[in-house]
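Asker: One structure follows; several queries about it will come next.
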Amino acid sequence: MNDKTIEQEIQAKGLTAPRITPADLQANIASEHYFTAGDGAHGATLADGRDRSVYPSSLDLLTFCVLVLRNGFTVTGESACASPENFNAEIGRKIARQNAEQKIWPLVGYELKERLHQQRLPAQSPTE
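FYI, the working numbering numbers position 22 of the sequence shown as 45, with every residue one higher than the one before it.
Written out as structure tokens, the structure is:
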């Protein structure tokens with residue numbers, strides 16, 4: 024079951040209390056960035072002058088997605104391919120992004136719960 028299917032089921036059951044929707048999750052993403060571990064190793068070699076050939080080629084099979092959220096917080100997702108023959112950069116990026124998005128749910132869920140909690144607190148009178 025994916026996020027859209029679950030959201031459709033929630034709507035079909037008429038559940039209307041505050042919740043985080045897939046659209047809310049997407050709206051929290053300010054930017055996305057992709058690279059392989061090989062790209063990272065290459066960047067590091069440029070910074071320290073080492074030979075690019077010193078890292079294993081398997082680093083090119085590990086894809087990272089970094090999502091920057093609206094508040095500047097970052098989450099990461101990874102996708103590792105076991106067989107070099109099956110590596111596909113586009114599929115690796117999709118899987119890495121899905122894995123990064125899964126890390127956002129608890130964060131926005133906490134934010135919603137805190138907001139609901141604050142609304143339930145009695146109004147505090149100012150101290151004189």
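Think of the CB as a built atom: it goes at the ideal place given N, C-alpha and C, for glycine as much as any other residue.
Treat the numbers as computed from the prediction; the structure is a model and nothing was measured.
#1: For R120, I'd like the list of residues in its chain whose CB is within less than 7 Å of its CB, leaving aside the five on either flank, ordered along the chain.
#2: Only counting runs of 3 or more residues, tell me where the beta strand (DSSP E) segments fall wholly within the segment 49 to 80, in order along the chain.
#3: If you measure between the beta carbons of G61 and D47, is that distance less than 8 Å?
#4: Strictly by DSSP, which residues pair up with F87?
#5: Between the alpha carbons of E137 and A70, how many angstroms are there, rounded?
#6: Would you please state the rounded distance, in angstroms, between the beta carbons of L90 and A123? I believe it to be under 8 Å.
#7: Is T86 near S106, with beta carbons less than 8 Å apart?
#8: Identify, in the order they occur along the chain, each residue of the same chain with its Cβ nearer than 8 Å to the Cβ of L139, setting aside the five sequence neighbours on each side.
#9: Keeping to the same chain, check which residues put their C-beta closer than 8 Å to that of I43; ignore five residues upstream and five downstream.
#10: On a Cα-Cα basis, can you pick out the residue from E113, T97, E30 and Q31 that is closest to A53?
Answerer: Based on what the coordinates show:
#1: Contacts found: E55, C88 and G100.
#2: 52 to 59
#3: no
#4: F58 and E101
#5: 42 Å
#6: 5 Å
#7: no
#8: P41
#9: Cβ within range, chain order: W128, V131, G132 and L135.
#10: T97
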